[in-house]
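**Q** Using mature numbering (1 follows the signal peptide of the UniProt record, and there is no 0), the letters of the sequence shown map in sequence onto residues -18 to -1, 1 to 194. Note that the Cβ used here is the ideal one computed from N, Cα and C, for glycine as well. Keep in mind that this is a model prediction, so the values were computed, not measured.
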Amino acid sequence: MSFGIILWLVSYFVPFGALQSGNSVSLGLKMLSSLLPNMAVYWGFDIFSTFEARGVNLNWTRLADSPSGSVNDLTMLHVVLMLLVDIVMYSLVTWYVDAIMPGKYGLAQPWYFVFTCSFWRVGRVESLGVDAGDEHLNFESPPEGVKVGIEIKELRKVFYKFGGMTKKVAVDGVTMNVYQGQITALLGHNGAGKTTTMSVLTGENDALHAWS
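1) Can the beta-carbon of S(-8) be found less than 8 angstroms from the beta-carbon of L18?
2) Looking only at its own chain, which residues have a Cβ that is under 6 angstroms from the Cβ of A81, when we skip the five neighbours before and after it?
3) Would you mind reading off the limits of the alpha helix (DSSP H) that contains V75?
4) Spatial neighbours of L45 within its chain, please: C-beta separation below 8 angstroms, excluding the five flanking residues on both sides.
5) Look up V53 in the DSSP assignment and say whether it is helix, strand or coil.
6) Output needed for V160: all residues of its chain with C-beta closer than 6 angstroms, excluding positions within five of it in sequence on either side, in chain order.
7) I need the DSSP call for I165, collapsed to helix, strand or coil.
8) Using the rule of at least 16 other Cβ atoms within 10 Å of the residue's Cβ for burial, across every protein chain shown, is S123 buried or exposed?
9) Who are the near neighbours of H171 in its chain, counting only those whose CB is closer than 6 angstroms to its CB and skipping five residues on each side?
10) Just tell me which of V70, M13, F141, T76 has its CA closest to the CA of G(-15).
11) Could you check how far apart the C-beta atoms of M13 and M83 are, in whole angstroms? I think they sit under 8 angstroms.
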């Protein structure tokens, strides 16, 4: 948080220092500096004041006009386009940072997740049949005429402590279906893994393992 505030203040005061003389700065450098939103706003006000000093009103028809006629001039069209680029760029940065550092709640992705095949693969819904090893077990037959909302297959969750020296299996091979339009309750003694199962289903924790 503090780093973000400092960066925001620096991006606000830099234009009044290093880039105070606009005509000596190349067009490319001005556009590059506009990747900082405060810089883009500064150049926009600078263009507006230059037009006003000439007694010319800045309107939509003059959006692409040079304010002073210099080859290094930014136009208001440049500023608008760079602000649109800023919106897209910072939206992607926010999405990425939120994905790898979601905070207390949420599933943190590895920093390289955008380069994995699973990220770009379109999700598929597959029909899972009854395993041959489960046919002899005494399971209640699923109700007829209802749809499966959540299907859990061999869910396992392990917590590791002290650098992986000790581990605790919180959920071990849970298989169940949650049906749409029905109330489902998880019953069990304290420490049976009810809360852990719910946290995995809601995305607060990932499956398989976790470190603490």
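**A** So, to answer that:
1) yes
2) Q91
3) 58 to 82
4) T57, M58, L59, V62
5) coil
6) G131, I132, T166
7) coil
8) exposed
9) none
10) T76
11) 30 angstroms between Cβ atoms; not a contact.
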